[in-house]
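Chains as they are written, first to last, in the numbering used here: chain A, -4 to 508; chain B, 401 to 735.
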């Protein structure tokens, strides 16, 4: 990432030369002021980062620029002219293009069809399309961007990262003047992130403005020329990136001083309680063995696709495995399905909370209660009072912010949603807790609460397996780090040896040296 | 972030969606009662109300089962044909039992209904096995079952109406304490049982969880396939009882009858607030939805509207219900 610092940002334009200026922008939703009286400007040819906690209004602001939302009050000036958009297609005509956090691709169509969706090249006989000419230009264009895709492959066969690369390339094809990116790196590997950043700097060099949302501080400071911090829908500050620092930005985001990023851990690590022995699944992971001590946080590192989540799911018997045993307190466990794992006190907080962790249309209380009916109350009948008490206790101890326990989970912020998942699984008082990306897409304040919670659990003697792609966080939280590379254990690092280069070295398949 | 304060402090604008989700369905029922009583002086008479309840009983009973299915994100398009098939079998069994063996009417009736329930369970076991094992879309599988069940009904009866069925007619036309028709008694019983199942049992919670997000339900240790099969089996019992009531009320086994009952039942569930996308639905809502449909056809009959207009209006009500479903709950078009 060092390499980019050499490339100087273009000289800052005078204030009158904003390509986008927000004047008293407010956006209300029933019950929430998503944006209130936001005023600032974005200079052309710069990378402008929007920072803020979840619910701060960053995505709402992007959607205002993109024509998805109309501001309740105020106006946006685009190159000095008031901008009135009828929708995203209109935005695209104005040269404003957006790369979505969730990809908008059509899985069953080919790469080529997806690339040209909505602006296909007609053949000489109009209703038909000229596949040949589209393929030719697409191939040339991809080659020029340093990408090599089989254009006839179906989109669903591409990895998320590849699909995302294609999205970015697609945004460039439409001759955009402004490109909006909402957490584009959330599912990319380091190398792909580097590629993306290279693209971003190329875009900037050709005079295109990039507006970028990310939760990752190191990323923000790598790409940003300007940083705007939003908090609770209000504009806090806009600063040149060189005039500020990570702690300062975090302080503005949370509205208080962050003295420490990771809370100190007090508890001592005890004896081995949990052992995974010789886990294998053909083509996914091979001969995975590790031990987990009482009160320990064992970090699991590895590149995306190394098989970390699959191993976790295999422990829970959610995914199949070919062989391998699990021991708790030296006794071999027989885990045939998730219920067996749960009743042995093993819980998994899954990686994707919206897909696997929660039922969004059900209430906080129904989500938290879901495993309790069988595993705490052991009854085919609902014990309404006991469930209510349990849910209240979990909401209190995790400080879940919701209008009531009957509020649908989909109405909560990402942080509170994640706390709801935690509440569901902590309610069964697990002995072994597997956390798969527990802080992904969560604001800084809630992250800190989750760190503290992890330590609290350790103090109670719970052993934690922490799968985490955020290396910084992984190193800050783990007692030991298990590195998985291409489905095998590449190494285990104890506290004094944990550092980023060692981990990355092992993760990419280097020897343990 | 003080979301609590924000949510309360904000002025609420009138929103049809919110209003409908809260009280809509009961409000509409009350308005309908008022309108109907103004349109026809007979509407509020005891005789007509009992008649109305009896007419809606069969659909309500099916709707109870279908509500469970809709909550899990499944459906059943075979209920009408199954009512015809099972109903004919119940009456046929009763007839042959009482004629050939001379069994008394009560044991013969119990045996006949029992046979119907077993038959229904067997067929729905097949359907739910295919749906869960092969992840086949429920509407296609049950549509296929519907076609077969109608054929089975015609085969069983030789495409003739089963006549002079004897005392089993009391099941459909008799009254408890000489006051409440048996179909209404069964409707109330099944509604209560379904309500208990949905709100008081673990399985009820699991049904909502499965419909809301099958993946997270699996992650919580719920055997989704087994739960869906159980929902179909419960529905099978509802359909069998509905079939026995329907045919005994007609005092004959009519294999070509009961067409489209499943749509009335699904419409009732949707009007009552269930979402076709799964995860949402209540029994009280479904029963009210069923009463609304019954009242519309009742008042149209009372005011001498011709039957084809009735069909047109029922069709419009279904379209309206689906649009309301999508508008208020973002349900997908799963049909």
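Ideal Cβ positions, reconstructed from N, Cα and C, are used throughout, including at glycine.
With fewer than 16 other Cβ atoms inside 10 Å of its own Cβ, residue 284 of chain A counts as exposed. By the CB criterion at 8 Å, residue 493 of chain B and residue 511 of chain B fall inside the cutoff. Residue 483 of chain A sits in a strand when the DSSP states are folded into three classes. Within the DSSP secondary-structure output, residue 475 of chain A pairs in a beta bridge with A/293, A/489. Annotation: residue 185 of chain A to residue 476 of chain A spans about 19 Å, alpha carbon to alpha carbon. Shown here for residue 264 of chain A: same chain residues with a beta carbon closer than 8 Å to its own, the five before and five after excluded, namely 288, 289, 290, 291, 474 in chain order. The beta carbon of residue 337 of chain A sits closer than 8 Å to some beta carbon of chain B. Taking a 10 Å sphere around the C-beta of residue 53 of chain A, we find 16 or more other C-beta atoms and assign the residue as buried.
Residue burial annotation: residue 280 of chain A is buried, with at least 16 other C-beta atoms found within 10 angstroms of its C-beta.
With respect to the 8 Å criterion, residue 48 of chain A and residue 248 of chain A are classified as neighbours on the basis of their beta carbons. Contact residues of the stretch 347 to 373 of chain A toward chain B are 347, 348, 349, 350, 351, 352, 353, 354, 355, 356, 357, 361, 362, 364, 365, 366, 368, 369, 370, 372 (C-beta to C-beta distance below 9 Å).
Judged by DSSP secondary structure, residue 276 of chain A falls within the beta strand (DSSP E) whose first and last residues are 267 to 276. Listed along chain B, the residues sitting closer than 7 Å to residue 334 of chain A by beta-carbon distance are 621. Think of a sphere of 7 Å around the beta carbon of residue 494 of chain B: no beta carbon from chain A falls inside it, the nearest being about 35 Å out. Distance from the Cα of residue 685 of chain B is smallest, within the candidate group B/464, B/455, B/444, B/530, for B/464. Cβ neighbours of residue 19 of chain A within its own chain (closer than 7 Å, five residues either side excluded): 32, 34, 68, 69. For the pair residue 581 of chain B and residue 454 of chain B, the CB atoms are nearer than the 8 Å cut-off.
For residue 450 of chain B, the uninterrupted alpha helix (DSSP H) run begins and ends at 446 to 471, by DSSP.
Taking the beta carbon of residue 616 of chain B as reference, the chain A residues within 7 Å of it are 351, 352, 353, 354, listed in sequence order. If you draw a straight line from the Cα of residue 404 of chain A to the Cα of residue 412 of chain A, it is about 6 Å long.
Residue 205 of chain A has A/42, A/174 as its beta-bridge partners, per DSSP.
Fewer than three beta-carbon pairs drawn from the stretch 316 to 331 of chain A and the stretch 566 to 581 of chain B are found closer than 8 Å, and the two stretches are therefore not classed as touching. Assigned with DSSP and collapsed to three states, residue 140 of chain A falls in coil, not helix or strand. Inter-residue distance for residue 303 of chain A and residue 584 of chain B is about 57 Å (C-alpha atoms, whole angstroms). Here residue 353 of chain A carries a coil assignment [DSSP, helix/strand/coil]. Within the same chain, and ignoring the five residues on either side of residue 62 of chain A in sequence, the residues whose Cβ sits closer than 7 Å to its Cβ are 80, 81, 82, 83, 85, 86. With a threshold of 8 Å between beta carbons, residue 429 of chain A makes no contact with chain B. For residue 448 of chain B, the CB contacts under 6 Å within the same chain, skipping 5 residues up- and downstream, are 442 in chain order. Here residue 454 of chain A carries a helix assignment [DSSP, helix/strand/coil]. DSSP places residue 226 of chain A in the uninterrupted beta strand (DSSP E) bounded by 221 to 226. Contact note: residue 679 of chain B reaches chain A through 354, 356, 357, using a C-beta cutoff of 7 Å and chain order. Not a single CB atom of chain A sits nearer than 8 Å to the CB of residue 685 of chain B. Comparing alpha-carbon positions, the option among A/449, A/58, A/501, A/71 lying closest to residue 261 of chain A turns out to be A/449. For the pair residue 342 of chain A and residue 430 of chain A, the Cα-to-Cα distance works out to about 8 Å.
Taking the beta carbon of residue 313 of chain A as reference, the chain B residues within 8 Å of it are 618, 619, listed in sequence order. Here residue 502 of chain A is buried. Its C-beta has 16 or more other C-beta atoms within 10 Å.
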